[in-house]
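Trainee:
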Amino acid sequence: MEAQGKSSEDEDGGERGLLHSWRGYSYSVVPERLLLPRPVLQVALGAQHGVLLVEGGQVYTFGELPWKQTQSSQPTKPTLENALSGQRVVAVAAGSFHSGAVTEDGTVHMWGDNAAGQCGLSGLSCVPNPTPVALLEPGGAQSVPILELACGEKHSLALSAQREVWAWGSGCQLGLKAAVFPVWKPQKVEQLAGRWVLQVACGASHSLALVRCVGPDGIQRPPVDKCNQCNQLLYTMTDKEDHVIISDGHYCPMGVEAREDPPPTQTLKTSPSEPILPSHSSSTSTPAARTPDPTPDPEDSQKAGTTTTAHLPSDSDPLPSPKAAASTSSAKSSPYPGEQEVKEYLRKLSDASQTEAKMANGGLHALQTPSLGRGSSALNSLVASCASAVGERVASTYEALSLKRMMNFYLPSSRLEALGGAADGGAERVRREESVQAKKSSSTGDIHEEEAEGLRRRLSLPGLLSQGRYAVHLLSSSYGPLLSPRLLRKMGRSRTRAFALTPMGGGVPEDQEVFPTLQTEVWSWGHGEHGELGHGDNLDRLQPLCIKSLNKKEVIRVSAGAHHSIALTAQSQVYSWGSNLSGQLGHMDTPSTVPRLAKLSEGIRVWDASAGERHTLLLADGDCIQPIIYYSGQQVKEAGGEEEEVEEEDERPGGYTQQPVLLPFCMNLGFVSGVVAGGRRCVALSDRNVMGFISSLHELASAERKFYCKLCDVKSQVLRPLLELESLSSALGPAATELLQTLAGRFSLLSHLTGQHAASLTANLRRGRDVSSLLMLEHASIFLDVYNNYCSTVGNFFVMGGFHALTKPSLDIFGKSPELLQRLSECSEENTATSDLLVALFYLPTQHLHEYGRLLLKLATCFEVSSGDYQKLQDSWSKFEALTLQLKRKRKEAEYTFHFWKSFPGKMTDSLRKPHRRLIYESSNKSLSVQNAGRFSVNWFILFNDSLVHAQFSTHHIFALATLWVEPTPEDESGLHGLKVVTPEETLTLLASSSAEKTKWLRAINQAVDQALSGVGQDAGGSTSKSDPPISRTASYTFYKDGRLKDATYEGRWLTGKPHGRGILKWPDRRIYTGSFKSGLEDGFGEFACPNKALSKDDLYQGYWKEGKMHGLGTYRYASGEVYDGSFQDGMRHGHGMLRSGKHNTSSPSVFIGQWLQDKKTGYGVFDDITKGEKYMGMWQDHQRQGTGVVVTQFGLYYEGAFKDNKMMGTGILLSEDDTTYEGEFSDDWTLSGKGVLTMPNGDYLEGSFSGEWGSGLKVTGSYFKPNLFDAEKDKNRAVKLGRLSVRAEEKWQAVFEECWSQLGCEAPGQGEHLKAWENIAVALTSRRQQIQDSPEILSRSHSKTLEGLEVIPQHEEPITIERYHIVRMYLLKACDTPLHPLGRLVETLVAVYRMTYVGVGANRRLLPQAVNEIKSYLFRIFQIVRFLFPDLPEEGGLIPEPTENLPDENQETSADNRSESPKPGRVVSSSALLLPVLLPRLYPPLFTLYALEKEKEDDMYWECVLRLNKQPDLALLAFLGVQQKFWPVSIPNSLPAPGEKQPVISSTKDACFASAVETLQQISTTFTPSDKLQVIQLTFEEITQEVQSLLKQDFLWSMDELFPVFLYVVLRARIRNLGSEVSLIEDLMDPCVQHGEHGIMFTTLKACYYQIQHEKVT
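Note that the sequence shown ends on residue 2842 in this note's numbering; no numbers are left out.
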């Protein structure tokens, strides 16, 4: 029946949640079954009544209900509470005479007796029906959602969803600082604010709370900082000279006085970590009686020495109450005891501290003695300074502690403490436990000690006197700086690590919320006359106070009877304290004021407990799966009235149990899921075992509890004694000791997880009993990881011979016959060796995994195979089973390896034996040898899980498996069974003794390699898999052989023994290469850093490599600050590149761009010497200027001519800014030497021999000529022709073009396959794209669009038509737009070199002709490449026939780009038409600047004239320019007035005539290419014509005489600043085929206008 698994929605109420009720424990008792329509989920019992919650959220009450006025006095049967109908109730509670319920939305409903305000409703003495109670946040209308309720006799407590406690009713058991009772309105218990409360319980007049410890990962809300009642600050900060006191000694004036005055002195044990003097905490109610610390664990407290403490009111108490003050002063006139007593006390304390040398905290207090003052005032100040001098105290005291004592504390004691989970061991343990743990978060405010998340521990600090919770946070963050650095250094040197064996984080820290916490504290408050508060006294407490002795006992549930309390631990033990008049505590120590263990026989594990008025019920695991019930407390007579038994009970000893009694009828009740005691009654809830589901759940929980107890025993009885042993590290050695500590830590983690899981399973039994909430289904991975890690650690310890080495220490602890080990390890054989017992013991958890699997399978059988639950259980089962098998195999491997090491020769063992290393196979049977080995050589091969070891006589070599490749050599007729083993630096051929051995080794090595690569042990099925490990893999390797890579470490991809793919190579001298490899060498794109020792900076290279050398494009940043950007070949600068020198690249003193040959500047290059302000453009050889070249300087000097040995030497021409020219011989830079001619700007010239430096006095021997005016012809010949002695344009930048050709796969320009070229283009695009995709930020969106467009290669085979010409043109535009395309890269480089040449100092007007020629040569050379890619393209000046039908559209559409506007069909192909649109826009700024400089004078004359003429209005200008009147665009009125009248109308208008034509012409400055500029001129003409035609209203043909003046007018009005430069640019770069067409004539007109304007004389 699948429904069984789904406890809710089960129609048949007869199988779940059955209710049985009885009283007492005699044999005659038979439980009565209460029948209800639905399964009962929860029961709560009051003094005479009970409340039931059934499935569906309905509530029933039964028993005596006096608040229901209609009822008779007879006890009623269960009755439905109708007031709650329609609400879904999730929890119920019952006090002595009142009840409560919590609904799904967190609302509280109360009913019953309300005399003491316990129902939280003011003005009513009793509440007949459930009524909602409002819990509101202070100062707001926000209602607080509640999780659960607890009710006492006169009070009620509620636990909110925020895990805070709210209280109402009467009495000090509320924990509120209230002056007046009853408290009608629920209020928050401030003392617990900020803590995470897990459960609350109410006795008749006391309260208990179970609180999660504040560990490092305890969830901590910010503490409340104001008192809820008097609104004062709970914490005060006082600034002293060098420190701050943080005090939480706030005493609320509305607090309640306690009812009795304690005696002035109290005998109490002071725990070593407690402060010397009582603290200022708000934990105790009476200001006069602050008790330091209650007695801890009873069994231990008898052995612990007790110390007498005189009570001292601390200085932050407002004033002792009059009574208390009186009682104190009766002992002594001063409220403070005298000097003598203090000294006495301190002497005792220091004596005690001698015995506790291991305990830092104890020691700290003892060593404080020297600083104490004398006399009572001194003592008074001591309290204050003690409380605050954290800084001084910590620093000085720690410094004072001897190092030995410090180490003792840091190591052994933390190890000991770590195992202090179980409740045994002597006083030493209790003290240690309390001191080191430092009371995680008790209300006396000790520093909570942080346990490291895993297993490491920090130093614990002494409890400080005035700590509130703030202090905890402030101090824990500020300890670091306070510890003396010297001491910390010493501490840091300690070799061994200390481990906490009680991990705070639970199974896995991040699952804190999923698993129930075991780190808990119990807090109690209220009336304590019977000792029910557990603080070791009978005092009342107004505020919650932590029961110290239950810290670290892992309490998971508390229950409160009328006057006694019960705590149930995760280890299934029961602690009880309080009234024991009826034996309800389960032990005979009457009464107990501190928690003590209930007496139960061995092996009884209690998992539910409940306390009634005078009895206790315990639900436990017995021998069988079915739970059993124990009863301790008063016997209840069935027959007689209840009165008589009350009188009898004191006299008759038989009226109650001496210790818990097993109830005989419990086996008839079925599977009990919970017990409840209340009043005199007992109730049990049980289920029937349908289809074995319930029993399986019980069995699972029971097995887990049993296992947890077993683990705790191992921890306390085996691990702790071992770790405590002084001689441990000497017996084990450092490595094994560390492994043992890791093992202890992992064991602890496993144990903790088991404890948490047991608690969660128990909680599931108590409430849900379903599969969905099983943590091991949802979080199986956590369990599997913890078990896996644990078993690996056990295996590591085993392999290192740890268990073997523990034999002697074990003898010291367990004696010669270790029965304890035998019992714990469940080993039945006689005379087993101690080490084997230990191995069995630590491998026990693996059997528990199998148990998990078995029980999950058992649960699965209760479900339909098709159901989801079945699937879940089945999946989890298979996971646990698989791990069980895997761990079994791991254990076998560990055993095999251990025995191997035992028999292995000694010297090698030490170097090869590693904890994680496991033996797989070895060739001691001579199954494997090396080919061609010598006769006497010994070759022994050992295969481990991480390496293959080749051992010879005394040496051995280790080959890591990650970088080992093995393949069988083909069997040939010689019959050798060979294996070829490849490693990065060696290749071995091994011979196997037989083909079976060969197969065996091959498979073993391949499997081991596979596992080493995947990093996990293979699962069981893997042992038969044949798959070979991949030949390409990622691994790390350090080279050891001499050569380029000696001692270098490579990490990255490999292929058969060679680095191949991406990787990082690091040399010991800090050289690092990161990038691609191919067959073991750097190849592809990579980065290389090489440290420069002299400059202590790195040289950095980023770029392409080939066969281990820099090859291709790259950037090299030298440590000196130089940067080279360009081509490399064979590791040297070769090809085109740019070198920037200087400290900062921004202001680099020099830049060279040009050709390199084998690391030297050779060929054409441009050198910009920024410091000198010179730029050289010319030929180089071996880093020197050699050949022809040009130099320009920032002062306008220009030299062109020959250079030799880096100097101007030979014939040259030198011009200065003012056109003074020298033409002749030079011997050095700017130094004239030899024959020459010097020409002045006015034409005079000197001819002869010159010597000296230009600009600093020349010596001349020669003739002076002054040409007369008639020598006009001669003068013309004198003008010097520039450019003859400079490098020809086509010889410039050859390296750049060669690079492009080689990228296309051609040896020399034009030689090669054009199809191959297209392939190379495709490869270049895709590989570069790939690179960019790795770092997409480089790529803009438009860029990636361009790239996509380039993926389609245009047809390059068929004859060219106009249409295909356009496709080619578009392709070129795109290709030149991205540097990823070879053409684009070429254009980008050319633009860079062009700008480099002609910007800055290079902007010299004399360079204009060279600049223009350079552009023309670019066009010519790029066009060569284009024609190579598109062979069918006609050569320069060739024609493409144009289809005639779509002539007009075609013309208009493309007129902007094509110069031939002739009507005949056809298109002239030219390089400028195709390529100028791409090149010129980028080169325009430097080029146009040169034009502007060249035309400066003419442009200035032109501009002056334009400005002058433009002052005139339109008509005057038109008249002045001689424009015929018919073209004057003036509307003349019909009635013709006198000419004089017409004038004023438009005499003043300006810029109105031909405005559109003027605007069109102005656009000439915004275009780049000559064709676009000509287009603008054409449009201007069209605009003029249109305007004239509209004036004349007829078609019209221009004659030049008519047109010129009108056009002149438009040009003047357009006011184009650099018209001369525009004209020259068009003239120089115009497509030759256009010159004689229509565009040519229009251009000539514009040019004529320009000259006309220059020479226009305004009369």
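Heads up, the beta-carbon is just placed ideally off N, CA and C, and yes, glycines get one too. Predicted model only: the values in this text are computed from it and were never measured.
Relative to the C-alpha of Lys2680, which candidate in Val2576, Phe2703, Met2553 and Tyr2834 has its C-alpha closest?
Mentor: For this step, residue 2680 is matched to residue 1497 along the sequence shown. Checked all of Val2576, Phe2703, Met2553 and Tyr2834; the closest Cα to Lys2680 is Tyr2834.
Trainee: Pick from Thr2749, Ala1284 and Ala1942: whose alpha carbon is nearest that of Leu1267?
Mentor: Counted from its first residue, the sequence shown places residue 1267 at position 84. If we check each option's Cα against that of Leu1267, Ala1284 comes out closest.
Trainee: Measuring only the C-alpha atoms, how far is Phe2603 from Glu2619?
Mentor: What you label residue 2603 is simply residue 1420 of the sequence shown in a count that begins at 1. What you label residue 2619 is simply residue 1436 of the sequence shown in a count that begins at 1. So the alpha carbons of these two residues sit roughly 9 Å apart.
Trainee: Buried or exposed: Asn1851, going by 16 or more other Cβ atoms within 10 Å of its Cβ?
Mentor: Within the sequence shown, numbered from 1, the residue matching residue 1851 stands at position 668. So Asn1851 ends up on the exposed side.
Trainee: What's the call for Cys1729, buried or exposed, on a 16-neighbour Cβ count within 10 Å?
Mentor: The residue you call residue 1729 lines up with position 546 of the sequence shown. Buried: at least 16 other Cβ atoms inside 10 Å.
Trainee: Taking 8 Å as the cut-off, does the segment 1725-1744 touch the segment 1791-1801 (at least 3 CB pairs, one atom from each stretch)?
Mentor: yes
Trainee: Cα separation between Ser2782 and Arg2589?
Mentor: As a working mapping, residue 2782 is identified with position 1599 in the sequence shown. As a working mapping, residue 2589 is identified with position 1406 in the sequence shown. Distance from the CA of Ser2782 to the CA of Arg2589, rounded to the nearest whole angstrom, comes to 39 Å.
Trainee: With a threshold of 8 Å on Cβ separation, who are the neighbours of Gly2928 within its own chain once the five nearest residues in sequence on each side are excluded?
Mentor: Residue 2928 falls outside the range modelled here, since the chain spans only 1184 to 2842, and no answer is possible.
Trainee: Are the beta-carbon atoms of Arg1888 and Gly1207 separated by less than 9 Å?
Mentor: Sequence index remark: in the sequence shown, residue 1888 carries index 705 (1-based). Sequence index remark: in the sequence shown, residue 1207 carries index 24 (1-based). In this structure, Gly1207 does not lie closer than 9 Å to Arg1888 by Cβ.
Trainee: Quick check: the Cα distance between Gln1325 and Gly1709, rounded to an integer number of angstroms?
Mentor: The count along the sequence shown starts at 1 and reaches residue 1325 at position 142. The count along the sequence shown starts at 1 and reaches residue 1709 at position 526. Near 29 Å, if we compare the C-alpha coordinates of Gly1709 and Gln1325.
Trainee: Under 6 Å Cβ to Cβ from Tyr2577, same chain only, skipping five residues before and after it: list those, please.
Mentor: Start at 1 with the first residue of the sequence shown, and residue 2577 comes out as number 1394. These residues qualify, in order along the chain: Leu2666.
Trainee: Put Ser1748 into one of helix, strand or coil per three-state DSSP.
Mentor: Looking up residue 1748 in the sequence shown gives position 565. Strand at Ser1748.
Trainee: Using the Cβ count rule (16 or more neighbours within 10 Å means buried), how would you classify Tyr2223?
Mentor: Numbered from 1 along the sequence shown, position 1040 holds the residue referred to as residue 2223. Tyr2223 is exposed by the Cβ-count criterion.
Trainee: Please work out which residues of its chain come closer than 6 Å, Cβ to Cβ, to His1203, disregarding the five sequence neighbours upstream and downstream, and give them in chain order.
Mentor: Stepping through the sequence shown from its first residue, residue 1203 is reached at position 20. Here the set comprises Pro1214, Arg1216, Leu1852 and Ala1867.
Trainee: In angstroms, rounded to a whole number, what distance separates the CA positions of Gly2263 and Ala2191?
Mentor: Position 1080 of the sequence shown, counted from the start, is the residue given in the question as residue 2263. Position 1008 of the sequence shown, counted from the start, is the residue given in the question as residue 2191. Approximately 24 Å between the Cα atoms of the pair.
Trainee: Could you check if Gly2240 is buried or exposed, using at least 16 other CB atoms within 10 Å of its CB as the buried criterion?
Mentor: Along the sequence shown, read from residue 1 onward, the residue named residue 2240 stands at position 1057. With 16 or more Cβ atoms within 10 Å of its Cβ, Gly2240 is classed as buried.
Trainee: Where does the unbroken beta strand (DSSP E) through Ser2215 begin, and where does it stop?
Mentor: The residue given as residue 2215 occupies position 1032 in the sequence shown. Ser2215 -> beta strand (DSSP E) spans Ser2215 to Thr2221.
Trainee: Thinking just about the alpha-carbon of each residue, which of Gly2823, Leu1932 and Ile2247 is nearest to the one in Cys1974?
Mentor: Along the sequence shown, read from residue 1 onward, the residue named residue 1974 stands at position 791. Of the listed residues, the one whose Cα sits closest to Cys1974 is Leu1932.
Trainee: Please determine, among Val2375, Gly2384 and Leu2415, the residue with the shortest C-alpha to C-alpha distance to Glu2400.
Mentor: For the purposes of this step, residue 2400 is taken as the residue at position 1217 of the sequence shown. The candidate whose alpha carbon is nearest that of Glu2400 is Val2375.
Trainee: Please name the residue or residues paired with Thr2257 in a DSSP beta bridge.
Mentor: To locate residue 2257, count along the sequence shown from 1; it is residue 1074. Note: Thr2257 sits in a beta bridge opposite Ile2247 and Glu2270.
Trainee: Going by CA-CA distance only, name the one from Asn1721, Ser1943 and Leu2039 that's closest to Tyr2059.
Mentor: For the purposes of this step, residue 2059 is identified with residue 876 of the sequence shown, where counting begins at 1. Looking at the sequence shown, residue 2059 is not Tyr but Ser. Nearest of Asn1721, Ser1943 and Leu2039 to Ser2059, Cα basis: Leu2039.
Trainee: Under a three-way DSSP split, which group does Ile2857 fall into?
Mentor: The displayed coordinates of the chain run from 1184 to 2842. Any statement about residue 2857 would go beyond what the structure contains.
Trainee: Helix or strand or just coil, what does DSSP make of Ser1390?
Mentor: Here the question's residue 1390 lines up with position 207 in the sequence shown. If DSSP states are grouped into helix, strand and coil, Ser1390 belongs with the strands.
Trainee: Output needed for Gln1356: all residues of its chain with C-beta closer than 6 Å, excluding positions within five of it in sequence on either side, in chain order.
Mentor: One-based indexing of the sequence shown puts residue 1356 at position 173. Counting only Cβ-Cβ distances below 6 Å, and skipping sequence neighbours, we find His1338, Ser1388, His1389, Ser1390 and Gly1709.
Trainee: Give every residue of the same chain whose Cβ lies closer than 8 Å to the Cβ of Glu2839, excluding the five residues on either side of it in the sequence, and list them in chain order.
Mentor: Stepping through the sequence shown from its first residue, residue 2839 is reached at position 1656. Setting aside the 5 residues that flank it on each side, Glu2839 is surrounded in the same chain by Cys2688 and Leu2692, each with a C-beta closer than 8 Å to its C-beta; the list follows chain order.
Trainee: Assign Cys2816 to one of three DSSP states: helix, strand, or coil.
Mentor: By 1-based counting over the sequence shown, the position of residue 2816 is 1633. Helix.
Trainee: Closest by CA to His1232, which one among Lys2041, Glu1198, Ser2804 and Ala1277?
Mentor: Taking the first residue of the sequence shown as 1, we reach residue 1232 at position 49. Selected option, being the one with the closest Cα: Ala1277.
Trainee: Measuring alpha carbon to alpha carbon, tell me which of Gly1984, Ile1965 and Leu1883 ends up nearest Tyr2035.
Mentor: On the sequence shown, position 852 is the one that residue 2035 refers to. Ranking the options by Cα distance to Tyr2035, first place goes to Leu1883.
Trainee: Pro1220 and Val1237: beta carbons closer than 9 Å?
Mentor: Stepping through the sequence shown from its first residue, residue 1220 is reached at position 37. Stepping through the sequence shown from its first residue, residue 1237 is reached at position 54. Yes, the Cβ-Cβ distance between Pro1220 and Val1237 is below 9 Å.
Trainee: Would you kindly report the start and end of the unbroken beta strand (DSSP E) that includes Trp2437?
Mentor: Looking up residue 2437 in the sequence shown gives position 1254. Where Trp2437 is concerned, there is no enclosing beta strand (DSSP E), given that its DSSP letter is neither H nor E.
Trainee: Rounded to the nearest angstrom, what separates Ala2277 and Thr2298 at their Cα positions?
Mentor: Sequence index remark: in the sequence shown, residue 2277 carries index 1094 (1-based). Sequence index remark: in the sequence shown, residue 2298 carries index 1115 (1-based). Those two C-alpha atoms are separated by around 22 Å.
Trainee: Using CA atoms only, rank isn't needed, just tell me which of Glu1287, Asp2129, Val2121 and Phe2142 is closest to Gln2135.
Mentor: If you number the sequence shown from 1, residue 2135 lands on position 952. If we check each option's Cα against that of Gln2135, Val2121 comes out closest.
Trainee: Pick out whichever of Lys2075, Gln1726 and Pro1222 has its Cα sitting closest to the Cα of Arg2101.
Mentor: On the sequence shown, residue 2101 is found 918 positions in, with the first residue counted as 1. If we check each option's Cα against that of Arg2101, Lys2075 comes out closest.
Trainee: Could you give the distance in angstroms between the alpha-carbon of Ser1856 and the alpha-carbon of His1718?
Mentor: In the sequence shown, the residue the question calls residue 1856 occupies position 673. In the sequence shown, the residue the question calls residue 1718 occupies position 535. Cα to Cα, Ser1856 sits roughly 32 Å from His1718.
Trainee: Taking the alpha carbon of Asp2177 as the point to measure from, which residue in Leu2111, Phe2142, Val1383 and Pro2153 has its own alpha carbon closest?
Mentor: The residue given as residue 2177 occupies position 994 in the sequence shown. The question names Asp, but residue 2177 is Ser in the sequence shown. Checking every option, the nearest Cα to that of Ser2177 belongs to Leu2111.
Trainee: Between the segment 2166-2177 and the segment 2142-2151, do three or more beta carbon pairs fall short of 8 Å?
Mentor: yes
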